[in-house]
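Letter by letter, the sequence shown follows residues 1 to 399 in the UniProt record's numbering. Every residue, glycine too, gets a C-beta built ideally from N, C-alpha and C. Below: one structure, written as structure tokens.
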Amino acid sequence: MFGFRNQPLRAVYFTYVVVTGIFLRLPYCFLRASIPSLRTRPSWTLKREIMTDVMRNLIATLLMIRIRPLRAEDPKRFVTNPPTEHIAYTRYEPIPENLILGEVKGLGDLNRVKPEPFCGYWIKLKGAAGKPDEKAGHDEKVLMHLHGGGYIATSSYPEGDGCGNFYHDLLSQCTSMWRIFSCGYRLSTSPPFPATNAFPAALFDALAGYYHLLHVAGFRAENVSISGDSAGGHLALALTRYIALYRPAGLPMPGRLVLLSPTVEWEITHDGPHASFGRNLSSDYCTPFFWGYVKRSLLGNMPDEAAATSPWISPGSLRLRETQGLFKGLPKTYVTVGDAEILLDAYRTFRDRLVADIGEENVTYVEVADATHDFVTQDWHEPERTNSMKEIVAWAGWL
């Protein structure tokens, strides 16, 4: 990985990818996808077939050169004055040190990461009255979202990166919620780049964002829903697990949890001959995130086996030593995944553990036929995307 990160190899490799992609890969993909019986899934449209292939190869290419978010999660590079009235930049203070507890505190010491100030964005429904970053209204509901990107890419900025259209389209479905807080967090790196921000750096930042919502913006915990897609779903789960496990002062459990294709294992343990990791290889685009770089970046100084044995890293792993009570105390939870994902088996393991711990009545698990990874944030994945957003809005009580 990153074998072509330096010039002139990077330019040569990128040129090769672009030229072969335009003149060979795309025409071949188009011709194959033009015949419905040859598509990865018979129900898939021509556009979905091509977009899944393009996404997979784009991620693979970036992991050979250097994957970077469109706007790096470096506070010095944040857009502090967004060029639109429906977005507002917000800086929040680090989570107080006395709220860092238990095993997570030990992992922070091991990986030499500490709470730091960080930043995020408020997004309001276009045309709605009020400023996007104003104080909470009486009994106002809000969503705090954690973006995906494998902990190594994308950002909380709501224009240009993956979640921008998701925020606006979700808000357009709501009548009792008019804004979303897009919570930023530090991204991780590892060799061949300097090792930075291993776990629990992102968890510290997510805790700080939630603390900001409660104690600065003035929202009541029961009116806050926390959501995350892909790696952000993993982080949202870690955040609520932390609150349930340690009950830190001043951080009550949020009202609801929404997980969109959450990455519940970073070391593939569901790996039998008929496992979804192989069965759905051609219908998912996120395989490159499991080549090892993300895992190494998250682990930092943790031993390699922790990727499969630590519930903080892989809560859906088959190699966890203890699973009973892992999710005890979590709020009502909505999980939506696609049955065309490579992590489908891990999702089902996670679902069963979640139901065992908090009860079937508190878990809504939706497995969407022929949907690929993180389809709810992909505007080329209709009608499943809009249908799922409508179901989430109804479940969360935002109508």
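Checklist entry - Where do the ends of the alpha helix (DSSP H) carrying residue 385 lie? => result If you number the sequence shown from 1, residue 385 lands on position 385. Taken as a continuous stretch (DSSP letters only), the alpha helix (DSSP H) holding residue 385 covers 384-396.
Next on the checklist: For residue 92, report the span of its beta strand (DSSP E) as first-last.
Outcome noted: On the sequence shown, position 92 is the one that residue 92 refers to. 87-92 is the span of the beta strand (DSSP E), which, as asked, contains residue 92.
Checklist entry - Considering only residues of the same chain and omitting the five flanking positions on each side of residue 183, which have a CB-CB separation below 8 Å? => result The residue you call residue 183 lines up with position 183 of the sequence shown. If the five residues before and after residue 183 are omitted, its C-beta is found closer than 8 Å to the C-beta atoms of 120, 144, 145, 146, 156, 205, 206, 209 and 210, all from its own chain and listed in chain order.
Checklist entry - residue 393 to residue 13, Cα distance in whole Å? => result For the purposes of this step, residue 393 is taken as residue 393 along the sequence shown, with counting starting at 1. For the purposes of this step, residue 13 is taken as residue 13 along the sequence shown, with counting starting at 1. Residue 393 and residue 13 have their alpha carbons spaced roughly 44 Å apart.
Checklist entry - In three-state DSSP terms, what is residue 13? => result Numbered from its first residue, the sequence shown carries residue 13 at position 13. Reduced to three states, the DSSP call for residue 13 is helix.
Checklist entry - What number of angstroms, rounded off, separates the C-alpha of residue 240 from the C-alpha of residue 31? => result Taking the first residue of the sequence shown as position 1, residue 240 is located at position 240. Taking the first residue of the sequence shown as position 1, residue 31 is located at position 31. Between residue 240 and residue 31, the C-alpha separation is close to 46 Å.
Checklist entry - Where do the ends of the beta strand (DSSP E) carrying residue 367 lie? => result The residue given as residue 367 occupies position 367 in the sequence shown. Where residue 367 is concerned, the enclosing beta strand (DSSP E) stretches over 363-368.
Next on the checklist: Could you pull the DSSP bridge partners for residue 190 from this structure?
Outcome noted: In the sequence shown, counting from the first residue as 1, residue 190 sits at position 190. Residue 190 has no beta-bridge partner at all, per DSSP.
Next on the checklist: Just to confirm my understanding: we take residue 199, look at its own chain, exclude 5 residues before and 5 after, and list those with CB closer than 6 Å. What are they?
Outcome noted: Translated into the one-based positions of the sequence shown, residue 199 becomes position 199. Closer than 6 Å at the Cβ level, and outside the excluded window around residue 199, lie 298.
Item to check | Bridge-paired residues (DSSP) for residue 61 | outcome: Taking the first residue of the sequence shown as position 1, residue 61 is located at position 61. DSSP lists no partner for residue 61.
Item to check | Given residue 21 as reference, the closest of 10, 2 and 58 once Cα atoms are compared | outcome: Locating residue 21 in the sequence shown gives position 21, where the first residue counts as 1. Residue 21 has its Cα closest to that of 58, out of 10, 2 and 58.
Item to check | Cβ separation of residue 262 and residue 233, assumed to be a contact under 8 Å, to the nearest whole Å | outcome: As a position in the sequence shown, residue 262 is number 262, starting the count at 1. As a position in the sequence shown, residue 233 is number 233, starting the count at 1. Yes, residue 262 and residue 233 are in contact; Cβ-Cβ is about 3 Å, under 8 Å.
Checklist entry - For residue 305 and chain C, any beta-carbon pair shorter than 9 Å? => result No chain C is present in this structure, which holds just one protein chain.
Checklist entry - Between which two residues does the beta strand (DSSP E) carrying residue 229 extend? => result Counting from 1 along the sequence shown, the entry for residue 229 is found at position 229. Unbroken beta strand (DSSP E) run through residue 229: 224-229.
Checklist entry - With C-beta atoms as the reference, is residue 251 less than 9 Å away from residue 228? => result Translated into positions along the sequence shown, residue 251 becomes position 251. Translated into positions along the sequence shown, residue 228 becomes position 228. Using a Cβ distance threshold of 9 Å, residue 251 and residue 228 do not count as a contacting pair.
Checklist entry - Helix or strand or just coil, what does DSSP make of residue 142? => result As a working note, residue 142 is residue 142 in the sequence shown. Strand.
Checklist entry - What number of angstroms, rounded off, separates the C-alpha of residue 339 from the C-alpha of residue 374? => result In the sequence shown, residue 339 corresponds to position 339, counting from 1. In the sequence shown, residue 374 corresponds to position 374, counting from 1. As the crow flies, the alpha-carbon of residue 339 is around 11 Å from that of residue 374.
Checklist entry - What does DSSP give as the partner residues of residue 338 in its beta bridges? => result Locating residue 338 in the sequence shown gives position 338, counting from the first residue. Residue 338 pairs with 368.
Next on the checklist: So, for residue 114: in the same chain, excluding its five sequence neighbours on each side, which residues have a beta-carbon less than 7 Å away from its beta-carbon?
Outcome noted: Translated into the one-based positions of the sequence shown, residue 114 becomes position 114. Taking residue 114 as the centre and dropping the five residues before and after it, the same chain places the C-beta of 108 closer than 7 Å to its C-beta, in chain order.
Item to check | Which of helix, strand or coil DSSP assigns to residue 18 | outcome: In the sequence shown, residue 18 corresponds to position 18, counting from 1. Residue 18 falls in the helix class under three-state DSSP.
Item to check | 6 Å CB neighbourhood of residue 368 in its chain, flanking five on each side removed | outcome: The count along the sequence shown starts at 1 and reaches residue 368 at position 368. Result list for residue 368: 338 and 384, in chain order.
Checklist entry - What is the rounded straight-line gap between the Cα of residue 274 and the Cα of residue 280? => result Within the sequence shown, residue 274 is the residue found at index 274, counting from 1. Within the sequence shown, residue 280 is the residue found at index 280, counting from 1. For residue 274 and residue 280, the distance between alpha carbons rounds to 10 Å.
Checklist entry - Are there three or more Cβ pairs, one per stretch, closer than 8 Å when the segment 48-64 is compared with the segment 288-296? => result The segment 48-64, when compared against the segment 288-296, does touch it at the 8 Å Cβ threshold.
Item to check | Of the listed residues 216, 128 and 45, nearest to residue 91 (C-alpha basis) | outcome: Numbered from its first residue, the sequence shown carries residue 91 at position 91. The shortest Cα separation from residue 91 among 216, 128 and 45 belongs to 216.
Checklist entry - Could you give the residue range of the beta strand (DSSP E) that holds residue 119? => result Taking the first residue of the sequence shown as 1, we reach residue 119 at position 119. Where residue 119 is concerned, the enclosing beta strand (DSSP E) stretches over 118-124.
Checklist entry - Cα separation between residue 99 and residue 4? => result The sequence position of residue 99 within the sequence shown is 99, counting from 1. The sequence position of residue 4 within the sequence shown is 4, counting from 1. Rounded to whole angstroms, residue 99 and residue 4 show a C-alpha spacing of 42 Å.
Item to check | Beta-carbon proximity list for residue 347, same chain, < 6 Å, skipping 5 on both sides | outcome: For the purposes of this step, residue 347 is identified with residue 347 of the sequence shown, where counting begins at 1. Same-chain partners within the cutoff: 337.
Item to check | In DSSP terms, what residue 259 is bridged to | outcome: By 1-based counting over the sequence shown, the position of residue 259 is 259. DSSP, once it has assigned bridges, lists 228 and 335 as partnering residue 259.
Checklist entry - Is residue 179 helix, strand or coil by DSSP? => result Along the sequence shown, read from residue 1 onward, the residue named residue 179 stands at position 179. Reduced to three states, the DSSP call for residue 179 is strand.
Next on the checklist: My output table needs one value for residue 52: the three-state DSSP class, helix, strand or coil.
Outcome noted: The residue labelled residue 52 in the question sits at position 52 within the sequence shown. Secondary structure of residue 52 (DSSP, three-state): helix.
Checklist entry - Just the Cα atoms here: how many angstroms apart are residue 70 and residue 152? => result One-based indexing of the sequence shown puts residue 70 at position 70. One-based indexing of the sequence shown puts residue 152 at position 152. With a pLDDT of 41 at residue 70, under the threshold of 50, the modelled position of this residue cannot be trusted; read the value that follows with caution. Approximately 12 Å between the Cα atoms of the pair.
Checklist entry - Which stretch, first to last residue, makes up the alpha helix (DSSP H) that contains residue 214? => result Mapped onto the sequence shown, residue 214 falls at position 214. 201-215 is the span of the alpha helix (DSSP H), which, as asked, contains residue 214.
Next on the checklist: Under DSSP, the alpha helix (DSSP H) around residue 29 begins and ends at which residues?
Outcome noted: As a working mapping, residue 29 is identified with position 29 in the sequence shown. For residue 29, the enclosing alpha helix (DSSP H) begins and ends at 26-33.
Checklist entry - Expressed to the nearest angstrom, what Euclidean distance is found between the alpha-carbon atoms of residue 175 and residue 391? => result In the sequence shown, the residue the question calls residue 175 occupies position 175. In the sequence shown, the residue the question calls residue 391 occupies position 391. Looking at the two C-alpha atoms, the distance is approximately 14 Å.
Checklist entry - Do you know whose CA, among 136, 88, 321 and 267, lies nearest residue 296's CA? => result In the sequence shown, counting from the first residue as 1, residue 296 sits at position 296. Cα-wise, what sits closest to residue 296 is 267.
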